[in-house]
Structures are given as C-alpha cells and as structure tokens.
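Take a look at the structure set out below.
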Amino acid sequence: MSSSQDNLIKFCSVANAGRILNQQELRWSAPNRFGDVLELKHDSPLAFTHGEMLEATIQMACSMIFAKDDPKGMSPLAKAIRRWRDEERFETPEEAEGVLSDLLVQMVDARYNEIQELIHDWREYARSVRICCFSGKPGNMLAWEKYGINHTGIALKFRSGDHEESNFNDPFRVSYKGWRPEITSLKQQLQLIVSPSNENHKDEFQGKLLQKPAHLKEEHEWRCFRYQATEKGSAPDSWYEDVRFEPEDLAAVYFGALIDPRVKEVIMRLLQSRYRRARLYQAKLVTGQFELELERIAPE
C-alpha cells in the first residue's frame, strides 16, 4: 500500500544529473542492478534445503503431538495429530520422530514443489519490475553524502500527482527493519503446512523490495514501481528502462554545498532553457551544526 508523498528527491552526481536533465529521462532498474548485497534479487537462494524443511516439520509435529492442547485448523497435519493424540499412538517424542520421518515426507515433498513454483514466479517478477528510488527530504545529510557524492552533486525534486500520466503518482515508503526479507522463510512454510492459505503469493513480492536494514533508516527512501516484460534469457545488465518525464515534473533543483561553481553554472543554463518552472536552491553547511540550510536562489 502506498503512502502520501508529494515530493520525491533524486540525489545524484553532477554527471548523472546532467544526463537526466539533458535526456529528460530517469533510469528505472531491476533490483539486481542496485549493487546492494542486502537487496533481494532474482537469483537470491532459499535459506533452507528440502532436508532441513523435513527435519523442521518433524520437530514441529512432535511438539504439537505432546503439547498441552490439541492443534487447531483443518489441515491434513492438524487432523492427523488430533487423531494420534486421541489414539495415544506415541508414548515418547523419540518414538514419534522415528515414525514421522516416513509419514511426513510426502507432505513436505508437495510443499517443496509449491515452493519451486513460488521461486519461479519470483524470478519472473524480479526480472521485470523496474524501480526508481528517491528520498523524501532535500536536506537529508546521509543522502547527500552517499548519493550526492559528499555534497558535490545535485538533488532533483520531482512532483507526484502533478498530472494523471505521471510515473510518480504512486510512491511507496521503504520500511527499515532488523531482519532481511527472503523469497520465503522456513517459518512461513511451516505455518502453511499447519494452516494452508489460498492467498496469492505474488501479492507479497513488492513488499519484499520495500524493506531495508535499520541502520539506513535516515535515508527516508521512497520507491516508485513500473513493469517491463523481460525475456528469461536476457542479460541481467540490460534489466533497466530509461523513462521520459515531463519538464513540469521537475519541481526544484538543489545544488550541493561543495559543488564545483563551474558545473553549477552549466546546469543553471540548462535549467533556464528547459526547466524554467523549477525552483533553484543552494545547500549550505550550517556553522557549528551537522545540518544544511537550503537557500532559494534566482536563475541567472
């Protein structure tokens, strides 16, 4: 679900800013092109094997057999465990483990086959999704350092919702958590064995690309999504799209506190000729503070 965000800030180097403004295009990329080891990608592996899943299922079933209360639900496993408890079929967990290894293998096989279908669908999604990343605040110090090349770059502010065909109308806020997303986890699969669900797993894919580690929370990142059909055999380096935007989509331009004055002059001439509606600002370091002041400047 998207959240309300009127302005989207693209921090970049002066070279990248020049390319964006000259070509009037923004690059939208598949997640594999972000170069982030923590980002979930098309070829991210499962964190567990078939054998580990079988062992975990056996342990889960044993704990349910000898639990205080009957398991709830109408799954085949829950029904079987209630029957075994009524029959007092197993006297010890060790006895149950030996028998369950044979009884549960077909159930785990069936679940693992469904996981393979999930992985296939994820691979297709991750090849075809195209993402453009922004920050929500022009004075973001971390974004200026990391993406604005230590304050020597430029930040471009795009409007969302300015016109009906805008690519920026539906931004999604990134959440910052202490755990890393997976295509699916062992815990999720064990839950599905106990309580099968008819929900479409494809509905969860976008959310997996809206989670980043907690230590990056000061980025205040927002992401916009679009899709481009991508052939299975295509090269991963080609999974991007340069998408045109309208001049009125550009709301403002912020020059880094340490930008080269000669580069700034060139960019300002370009803005004056093609983006006259965009407001211009110069970032300045505030004396004695780790903050920026954004001073409105007039076009030359």
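Under this note's numbering, the first residue of the sequence shown carries the number 20, and numbering increases by one thereafter.
Note that CB positions come from ideal geometry on N, CA and C, so glycine has one too.
Computed from a predicted structure; not experimentally measured.
### Contact between the stretch 266-275 and the stretch 287-302 (3+ Cβ pairs under 8 Å)
yes
query = What is the DSSP secondary structure of S21, reduced to helix, strand or coil?
reply = A caution first: S21 carries a pLDDT of 49, below 50, which makes its placement in the model unreliable, though a value can still be read off. If DSSP states are grouped into helix, strand and coil, S21 belongs with coil.
*What residue from V193, R178 and R192 has the CA that sits closest to N186's CA?*
R178
key: Terminal residues of the alpha helix (DSSP H) in which F224 lies   = F224 to K227
Who are the near neighbours of R52 in its chain, counting only those whose CB is closer than 8 Å to its CB and skipping five residues on each side?
-> P255, D256, W258 and Y259
Next item on the list: Decide if N159 is buried, meaning its Cβ has at least 16 other Cβ atoms within 10 Å, or exposed.
Entry: N159 should be labelled buried.
How far does the alpha helix (DSSP H) with W103 in it reach, from first residue to last? P95 to E106
Look at the Cβ atom of K227, then the Cβ atom of R146, and state whether they are nearer than 9 Å. no
So, do the stretch 233-247 and the stretch 104-116 have three or more beta carbon pairs nearer to each other than 8 Å?
-> Not touching, per the Cβ criterion.
Note to self: So, for T306: in the same chain, excluding its five sequence neighbours on each side, which residues have a beta-carbon less than 6 Å away from its beta-carbon?
What the structure shows: none
Quiz item: Ends of the alpha helix (DSSP H) at A115?
Solution: It spans P112 to L122 - the alpha helix (DSSP H) in which A115 sits, taken as one unbroken run.
Q125 - partner residues in DSSP beta bridges:
DSSP, once it has assigned bridges, lists no residue as partnering Q125.
* Asked: What are the boundary residues of the alpha helix (DSSP H) that includes I28?
  -> That residue, I28, is in no alpha helix (DSSP H); its beta strand (DSSP E) goes N26 to C31.
Which value, in whole angstroms, describes the spacing of the CA atoms of Y131 and S32? 46 Å
- Quick one: does I278 have its CB under 9 Å from some CB of chain D? Of the protein chains in the structure, only one exists, and it is not chain D.
- Near Q247, what residues of its chain come up, given a Cβ to Cβ distance below 7 Å and the 5 sequence neighbours on each side ignored? S147, R149 and E260
*Is it buried or exposed for F191, if we count other Cβ within 10 angstroms and need 16 for buried?*
Its Cβ being crowded by 16 or more others within 10 Å, F191 is buried.
Worksheet entry | Residue(s) in a DSSP beta bridge with A80 | None; A80 has no bridge partner.
Worksheet item: Alpha carbon to alpha carbon, what distance is there between Q207 and K156?
Response: In this structure, the CA atom of K156 is about 36 Å from the CA atom of Q207.
message: Since T76 and I212 should fall inside the 8 Å C-beta cutoff, what is the C-beta to C-beta distance between them, to a whole number of angstroms?
response: 6 Å
Among the candidates W103, L73, S194 and E312, whose CA atom is the shortest distance from the CA of I84?
W103
Under a three-way DSSP split, which group does I202 fall into?
coil
Worksheet item: Bridge partners of Q301, per DSSP?
Response: F274 and E314
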